[in-house]
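Asks:
Protein chains in written order, with the numbering used here: chain Y, 1 to 107; chain C, 1001 to 1121.
1) Residues of chain Y with CB under 8 Å from residue 1062 (chain C), in chain order?
2) Quick one: give me the first and last residue of the beta strand (DSSP E) that residue 1073 (chain C) is part of.
3) In this structure, how does DSSP classify residue 85 (chain Y) when only helix, strand and coil are distinguished?
4) Smallest Cα separation from residue 1065 (chain C): which of C:1083, C:1114, C:1033, C:1055?
5) When you compare the CB positions of residue 1010 (chain C) and residue 1020 (chain C), do they come within less than 7 Å of one another, or not?
6) Report buried or exposed for residue 1098 (chain C), applying the criterion of at least 16 other Cβ atoms within 10 angstroms of its Cβ.
7) Of all the CB atoms in chain Y, is at least one closer than 7 Å to the CB of residue 1107 (chain C)?
8) Give the single residue among Y:13, Y:40, Y:64, Y:56 whose Cα lies nearest to the Cα of residue 22 (chain Y).
9) So with Cβ pairs under 7 Å, would you call residue 54 (chain Y) a contact of chain C?
10) How many angstroms separate the CA atom of residue 1087 (chain C) from the CA atom of residue 103 (chain Y)?
11) Under 9 Å Cβ-Cβ, which residues of chain C neighbour residue 13 (chain Y)?
12) Buried or exposed for residue 7 (chain Y), going by 16 or more other Cβ atoms inside 10 Å?
13) Is residue 71 (chain Y) near the ligand ZN, in the sense that its beta carbon is under 6 Å from a heavy atom of that ligand?
14) Quick check: residue 33 (chain Y) and residue 51 (chain Y), are their CB atoms within less than 7 Å of each other?
15) In chain C, which residues lie less than 7 Å from residue 100 (chain Y) when you measure between Cβ atoms?
This is the structure in structure tokens:
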């Protein structure tokens, strides 16, 4: 099974900061990676699919990149509503797998 | 708009069984693969099971293989998860989620609000 490892597990940042989260797959997953945002008590929201394609309605400050085993989610200028936990997810093979999550906290 | 409404959660004893349902509306249910994803209290997301748009393909996460069965009724726009031999490790909020693209997809664009399953004696 493919394992997904996110880093860091948490990051402290301020509004306006650039935030970068990485996700590493245990084997080549091409570009079959998605990113989700989850706020406390809420359901996950799709941000990016196929590594870099922004989902409908997602602000352009979010971007994704990578292929193969190494991927990145970048928030170019952190906004107050972006404090949340972010998960990557591979879709190369079943069982799909999520990373363990990265919590973006207010510094 | 897309709506996914889970039901069937509750408290069950270890070794017991439970059947979850997910009622779908707002899209052509029979065109989309569907998944169950769970989240234990304070933990991350865990893939549970997937079923293809036509019900022909089913896959399970390693932790539930052999104990859980996914199914769907495209005439009723409903998704199901039959869970048996439950253990405390299965305690979680269970979400049903819709694949982003018809027939085959690499992401989930709509999620239900979840139903809580608590396994406890």
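All C-beta atoms, glycine included, are put in the ideal place defined by N, C-alpha and C.
Replies: According to the structure shown:
1) If you number the second chain from 1, residue 1062 (chain C) lands on position 62. 1, 95, listed in chain order.
2) Here residue 1073 (chain C) refers to the residue found at position 73 of the second chain. First-last of the beta strand (DSSP E) with residue 1073 (chain C): 1068 to 1073.
3) Here residue 85 (chain Y) is taken as the residue at index 85 of the first chain, counted from 1. Residue 85 (chain Y): strand per DSSP, three-state reduction.
4) The sequence position of residue 1065 (chain C) within the second chain is 65, counting from 1. The shortest C-alpha separation from residue 1065 (chain C) is found at C:1083.
5) Residue 1010 (chain C) sits at position 10 when you count from the first residue of the second chain. Residue 1020 (chain C) sits at position 20 when you count from the first residue of the second chain. Their beta carbons are not under 7 Å apart, which means residue 1010 (chain C) does not touch residue 1020 (chain C) by this criterion.
6) Taking the first residue of the second chain as 1, we reach residue 1098 (chain C) at position 98. Per the 10 Å Cβ criterion, buried.
7) As a first step, residue 1107 (chain C) is located in the second chain; it is residue number 107 there, counting from the start. So, interface residue.
8) Taking the first chain and counting its residues from 1, one reaches residue 22 (chain Y) at position 22. Selected option, being the one with the closest Cα: Y:64.
9) Along the first chain, one-based indexing puts residue 54 (chain Y) at 54. No, residue 54 (chain Y) lies away from the interface with chain C (no Cβ there is under 7 Å from its Cβ).
10) Here residue 1087 (chain C) refers to the residue found at position 87 when the second chain is read from its first residue. Here residue 103 (chain Y) refers to the residue found at position 103 when the first chain is read from its first residue. The straight-line gap from Cα to Cα measures roughly 28 Å.
11) Taking the first residue of the first chain as 1, we reach residue 13 (chain Y) at position 13. Result: empty, since nearest Cβ-Cβ is about 20 Å, beyond 9 Å.
12) Residue numbering aside, residue 7 (chain Y) sits at position 7 when the first chain is read from its first letter. The residue in question, residue 7 (chain Y), is exposed, as its Cβ has fewer than 16 Cβ neighbours within 10 Å.
13) This structure simply doesn't include the ligand ZN, nor any ligand for that matter.
14) Locating residue 33 (chain Y) in the first chain gives position 33, where the first residue counts as 1. Locating residue 51 (chain Y) in the first chain gives position 51, where the first residue counts as 1. The answer is yes: Cβ separation under 7 Å.
15) Counting from 1 along the first chain, the entry for residue 100 (chain Y) is found at position 100. Under the 7 Å cutoff, chain C gives 1044.
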